[in-house]
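With the numbering used here applied, the sequence shown covers 46 to 239.
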Amino acid sequence: MDPTPKPFSDGPLPILLRGSCLCGMVHLESKMLPESVTICHCRECRKAAANPFLTFGLFHNDYIQWYIASSSGAKPLLGDLTDGIKLTYYSDIAIRGWCPRCGTPLFMKYHCRPDGTSIAMGLVDDEHLVGSIPAVKEHIFLGDKAVWWNVPSDDGTARHDSFNEPFTRRLQDWSAKGRPQRLDIPPPPSKFKL
Ligand SMILES: [Zn+2]
Ligand SMILES: [Zn+2]
Numbered sequence: 046m047d048p049t050p051k052p053f054s055d056g057p058l059p060i061l062l063r064g065s066c067l068c069g070m071v072h073l074e075s076k077m078l079p080e081s082v083t084i085c086h087c088r089e090c091r092k093a094a095a096n097p098f099l100t101f102g103l104f105h106n107d108y109i110q111w112y113i114a115s116s117s118g119a120k121p122l123l124g125d126l127t128d129g130i131k132l133t134y135y136s137d138i139a140i141r142g143w144c145p146r147c148g149t150p151l152f153m154k155y156h157c158r159p160d161g162t163s164i165a166m167g168l169v170d171d172e173h174l175v176g177s178i179p180a181v182k183e184h185i186f187l188g189d190k191a192v193w194w195n196v197p198s199d200d201g202t203a204r205h206d207s208f209n210e211p212f213t214r215r216l217q218d219w220s221a222k223g224r225p226q227r228l229d230i231p232p233p234p235s236k237f238k239l
């Protein structure tokens with residue numbers, strides 16, 4: 046993603062989007078609308094959603110702020126998110142975040158895109174939305190698609206059996222550099238687990 050200022054320091058930008066999990070323990074504020082919206086049909090997303098796909102919006106980390114309910118009110122979470130949100134690993138390329146109370150899937154962060162967060166769009170609270178969410182851009186991992194669900198034939202999206210080409214190149218570049226991981230995200234355990 047492009048380098049940007051950090052509007053959550055003192056920036057004048059308004060909050061454009063708010064989101065929350067099912068139980069309300071985790072909240073999100075964003076000073077940007079998603080750069081793009083992608084529907085992922087991979088097995089992990091299907092299982093995470095207990096539905097045929099998960100829909101993600103891509104946000105720049107500097108524009109979003111997570112909050113978690115505490116006894117003294119909503120507490121802002123720092124970038125490493127380790128003080129509240131439940132983090133899991135189902136592959137060695139990304140982490141997933143969940144509400145620790147209700148289990149709502151919140152986001153994915155890919156190690157090869159450390160400045161971005163793919164946020165589950167089901168979190169978005171329509172009543173707090175300023176502006177319009179961009180239309181879904183693409184379906185990815187159609188190679189893993191649930192056999193009983195069919196992609197609409199006329200939705201104007203791009204279709205990919207796995208990642209799209211630019212992201213595949215990004216992953217390859219990251220692998221060529223030794224697969225470095227973001228320092229403020231804890232390393233994955235030796236075995237994937239909940
Ligand atoms: Zn929750
Ligand atoms: Zn997926």
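We put the CB at the ideal spot given by N, CA and C, even for glycine. Owing to the predicted nature of the structure, the values given are computational and were not obtained by experimental measurement.
Any heavy atom of ligand 1 within a distance shorter than 7 angstroms of the CB on residue i?
| i | result |
| --- | --- |
| residue 67 | yes |
| residue 141 | no |
| residue 31 | Any question about residue 31 goes unanswered here, given that the chain covers just 46 to 239. |
| residue 166 | no |
| residue 63 | no |
| residue 169 | no |
| residue 77 | no |
| residue 153 | no |
| residue 157 | no |
| residue 241 | Any property of residue 241 remains undetermined from this structure, which presents the chain solely from 46 to 239. |
| residue 146 | yes |
State yes or no: is the C-beta of residue i within less than 8 angstroms of the C-beta of residue j?
| i | j | result |
| --- | --- | --- |
| residue 195 | residue 203 | no |
| residue 109 | residue 74 | yes |
| residue 140 | residue 113 | no |
| residue 106 | residue 161 | yes |
| residue 156 | residue 111 | no |
| residue 151 | residue 66 | yes |
| residue 82 | residue 69 | no |
| residue 190 | residue 86 | yes |
| residue 224 | residue 158 | no |
How about residue i: is its Cβ closer than 7 angstroms to a heavy atom in ligand 2?
| i | result |
| --- | --- |
| residue 187 | no |
Counting pairs of beta carbons, one from the region 175-195 and one from the region 113-121, are three or more of them closer than 8 angstroms?
-> no
So does the region 60-69 actually touch the region 159-177, counting three or more Cβ pairs closer than 8 angstroms?
-> yes
Contiguous alpha helix (DSSP H) assignments of at least 4 residues, all confined to the region 100-155 = none
Under a criterion of Cβ closer than 5 angstroms to any non-hydrogen atom of ligand 2, which residues qualify, in chain order?
-> 85, 87, 90
Ignoring anything shorter than 3 residues or poking outside the region 149-223, list the beta strand (DSSP E) runs there in chain order.
-> 150-155, 161-165, 183-185
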